[in-house]
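Colleague: Position 151, counted from 1, in the sequence shown is what UniProt numbering calls 151; the numbers after and before it change by one each time, with no gaps. Quick one: this structure, given as structure tokens, is what I'll be asking you about.
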Amino acid sequence: MIGSGLLCLPLALVEIEWTGLLLLVLAGLVNMYTSKLLIQALDVVRWSSGKNVFFSDLGRECFGQFGAILTASLVYVSLIINCSGYLGLAASFIVGITDFEHYTVLLMLSICVWTHAFAKSLKSLAVFSALNVALCLWMEAVIVGDAMYPLKQLALEQSAFVYETPDLSNAPIYLKLAYSFSLLASGFVSHIIVPSFYNNMEDTRKCTSAVTKSQVGVLMLMYLPICGISYAVYGPNMEAPVVFNMRNTFVRNLTIILYSTHLLLSYSITLFPVQGAFEAYLVQREEKFVKYHENHEQSTSSFPGGLDSMSDPSQHLTFRKKLVCRSVLIVMTMLFSNWFLPSTLDVFAFMLIPSMLLSLVLPCLFYWKLCQEEAGCLDVIAIIFVLTLAVLTTTCTLNIII
Numbered sequence: 001m002i003g004s005g006l007l008c009l010p011l012a013l014v015e016i017e018w019t020g021l022l023l024l025v026l027a028g029l030v031n032m033y034t035s036k037l038l039i040q041a042l043d044v045v046r047w048s049s050g051k052n053v054f055f056s057d058l059g060r061e062c063f064g065q066f067g068a069i070l071t072a073s074l075v076y077v078s079l080i081i082n083c084s085g086y087l088g089l090a091a092s093f094i095v096g097i098t099d100f101e102h103y104t105v106l107l108m109l110s111i112c113v114w115t116h117a118f119a120k121s122l123k124s125l126a127v128f129s130a131l132n133v134a135l136c137l138w139m140e141a142v143i144v145g146d147a148m149y150p151l152k153q154l155a156l157e158q159s160a161f162v163y164e165t166p167d168l169s170n171a172p173i174y175l176k177l178a179y180s181f182s183l184l185a186s187g188f189v190s191h192i193i194v195p196s197f198y199n200n201m202e203d204t205r206k207c208t209s210a211v212t213k214s215q216v217g218v219l220m221l222m223y224l225p226i227c228g229i230s231y232a233v234y235g236p237n238m239e240a241p242v243v244f245n246m247r248n249t250f251v252r253n254l255t256i257i258l259y260s261t262h263l264l265l266s267y268s269i270t271l272f273p274v275q276g277a278f279e280a281y282l283v284q285r286e287e288k289f290v291k292y293h294e295n296h297e298q299s300t301s302s303f304p305g306g307l308d309s310m311s312d313p314s315q316h317l318t319f320r321k322k323l324v325c326r327s328v329l330i331v332m333t334m335l336f337s338n339w340f341l342p343s344t345l346d347v348f349a350f351m352l353i354p355s356m357l358l359s360l361v362l363p364c365l366f367y368w369k370l371c372q373e374e375a376g377c378l379d380v381i382a383i384i385f386v387l388t389l390a391v392l393t394t395t396c397t398l399n400i401i402i
């Protein structure tokens with residue numbers, strides 16, 4: 001969640017100045033509310049089915065089998081596009097401070113993230129998340145420390161990185177507000193991992209509180225300070241990620257390395273649900289394979305030199321499924337990253353509709369279909385407001401960037 005936010009959110013203030021901080025708070029509150037709706041919908045399905053619940057289960061419960069397939073596809077496509085964007089941006093950042101070719105750096109970074117296949121999933125996810133927060137605090141400290149110098153010494157006349165943004169200088173105010181809100185809301189897309197977090201909690205009643213606290217923490221400790229400090233230091237001329245405007249070469253390179261590491265950790269965290277789904281599919285295939293050989297072993301156990309000398313396929317199940325799954329997914333994201341090459345505007349355009357659907361639209365629809373009897377007047381008004389806001393801002397933003 002933090003990865004794209006630190007990169008994109010400060011740019012929203014370029015269009016609407018300090019009003020962007022109020023819009024950032026609004027985006028945070030809206031996403032906290034839709035997270036609450038999503039968790040309540042998960043509670044209903046979990047209570048009726050008694051098993052772990054994912055987006056596909058919510059889609060099936062509300063819209064049938066077609067809804068399950070569509071929802072699952074939307075989630076996994078969004079995650080893969082996010083991962084591709086993280087990988088492509090990290091490669092471009094490293095290229096910005098070295099003389100290596102983009103393809104070489106992209107391959108090296110892909111090899112680095114490939115090693116995560118051998119780590120235990122849930123424990124690694126917690127460790128990666130903690131490291132991400134620590135790196136964010138480091139970057140925030142570097143920016144604040146660098147801001148102690150006079151402003152004329154801070155910003156480079158030409159950024160070290162070309163960051164593509166739309167020209168809204170002559171656009172009406174409503175388009176600027178819509179584009180800025182879409183940009184700010186994209187930093188809170190944690191809804192994708194909420195079902196996984198929910199399913200792994202011992203007491204699911206605490207899930208809403210935990211998710212809300214994490215979003216408030218990100219908003220207050222990360223996004224608001226980074227946005228405020230960045231705009232105060234660099235002003236309306238900021239057209240690149242903050243770190244690429246720093247004049248001090250050592251500080252700039254250090255922050256770029258920290259941010260690139262942060263993006264790679266975000267990549268691993270974002271890929272976790274996709275890897276889990278792919279692994280579940282491979283496990284089903286392996287279970288059929290094991291059952292077949294068990295039946296065959298029973299029929300040939302009386303013959304010498306039979307299957308007694310063969311190793312149990314289940315012993316190699318974990319290694320093989322991780323190796324195949326992670327390798328295929330990383331190659332896929334590497335190819336997509338090379339296709340973006342990278343245009344952050346393209347990544348944002350591809351992610352706009354999925355992120356709005358997953359973070360704003362679908363939680364409201366799921367809640368309305370499953371918890372309509374529990375919805376009060378304020379919930380109805382809030383849901384109508386969120387859906388209207390999502391449709392209008394998405395339409396206006398697509399009109400700008402396409």
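We treat Cβ as the ideally placed atom computed from N, Cα and C, and that holds for glycine.
#1: If we call anything under 8 Å between Cβ atoms a contact, is I80 one with V274?
#2: Hey, would you say I192 sits closer than 8 Å to S78, going by beta carbons?
#3: State the Cα-Cα distance for the pair E286 and I353, rounded to the nearest angstrom.
#4: Give the secondary structure of residue 439 by DSSP, where H, G and I count as helix, E and B as strand, and everything else as coil.
#5: Measuring straight from C-alpha to C-alpha, what distance separates A280 and M351?
#6: Candidates V30, T261, D167, V324: which alpha carbon is nearest T212's?
#7: Find the nearest neighbour of L358 within the set A72, W18, S84, F197, judged by alpha-carbon distance.
#8: Given M201, which residues of its chain have a CB within under 6 Å of its CB, disregarding the five upstream and five downstream residues?
#9: Whose CA, out of I257, L221, L387, lies closest to the CA of L362?
#10: Exposed or buried, what is N170 when buried is set at 16 or more other beta-carbons lying within 10 Å of its beta-carbon?
#11: Is the separation between the beta-carbon of L370 and that of E61 shorter than 8 Å?
#12: Can we count E287 as close to the ligand FMN, meaning its CB is less than 7 Å from some heavy atom?
#13: Straight-line CA distance for D379 to Q372?
#14: Please classify A375: does DSSP put it in a helix, a strand, or coil?
#15: Between the segment 10-25 and the segment 172-190, do three or more beta carbon pairs fall short of 8 Å?
#16: For P166, name the three-state secondary structure that DSSP assigns.
#17: To the nearest angstrom, report how far apart D43 and F55 are at their CA atoms.
#18: L264 to P195, Cα distance in whole Å?
#19: Below 6 Å CB to CB, which residues in the same chain sit around T270 once its five sequence neighbours on both sides are set aside?
#20: Between the alpha carbons of T393 and S327, how many angstroms are there, rounded?
#21: At the level of alpha carbons, what is the spacing between Y231 and F93?
#22: Taking L21 as the reference, which of Q215, G59, G228 has the closest Cα?
#23: Skipping 5 residues on each side, what residues in its chain have a beta carbon closer than 8 Å to that of V53?
#24: What number of angstroms, rounded off, separates the C-alpha of C325 from the C-alpha of L89?
#25: For S186 and A390, what's the separation of their Cα atoms in angstroms?
#26: With a threshold of 16 other CB atoms inside 10 Å of the CB of T34, please say whether the residue is buried or exposed.
#27: Apart from the five residues on each side of it in sequence, which residues of its chain come closer than 7 Å, Cβ to Cβ, to residue 403?
#28: Grouping DSSP H, G and I as helix and E and B as strand, with all else coil, what is F250?
#29: Do you know offhand how far T19's Cα is from L398's?
#30: Relative to the alpha-carbon of L37, which residue among Y103, F366, I400 has its alpha-carbon at the smallest distance?
#31: So what does DSSP say about K51, is it helix, strand or coil?
#32: Taking all protein chains shown into account, do 16 or more other C-beta atoms lie within 10 angstroms of the C-beta of R205, making it buried, or fewer, making it exposed?
#33: Please look up how many angstroms separate the CB atoms of H184 and L175, rounded, as I've assumed it's under 8 Å.
#34: Taking L109 and A91 to be in contact with their CB atoms under 8 Å, please state how far apart those CB atoms are, rounded to whole angstroms.
#35: Could you compute how far the alpha carbon of T395 sits from the alpha carbon of F319?
Modeller: From the atom records:
#1: yes
#2: yes
#3: 36 Å
#4: The structure shown has nothing for residue 439, since the chain only spans 1 to 402.
#5: 25 Å
#6: V30
#7: A72
#8: C207
#9: L387
#10: exposed
#11: yes
#12: Annotation note on the ligand FMN: not contained in the displayed structure, which lists no ligands.
#13: 10 Å
#14: coil
#15: yes
#16: coil
#17: 12 Å
#18: 23 Å
#19: L79, N82, C83
#20: 37 Å
#21: 21 Å
#22: G228
#23: L42, V45, R46, P195, Y198, N199
#24: 23 Å
#25: 12 Å
#26: buried
#27: Since the displayed the chain opens at 1 and closes at 402, residue 403 lies outside it and no answer follows.
#28: helix
#29: 22 Å
#30: F366
#31: coil
#32: exposed
#33: The residue you asked about is not His; residue 184 is Leu in the sequence shown. In fact, because the Cβ distance is near 15 Å, the residues do not count as touching under 8 Å.
#34: 6 Å
#35: 45 Å
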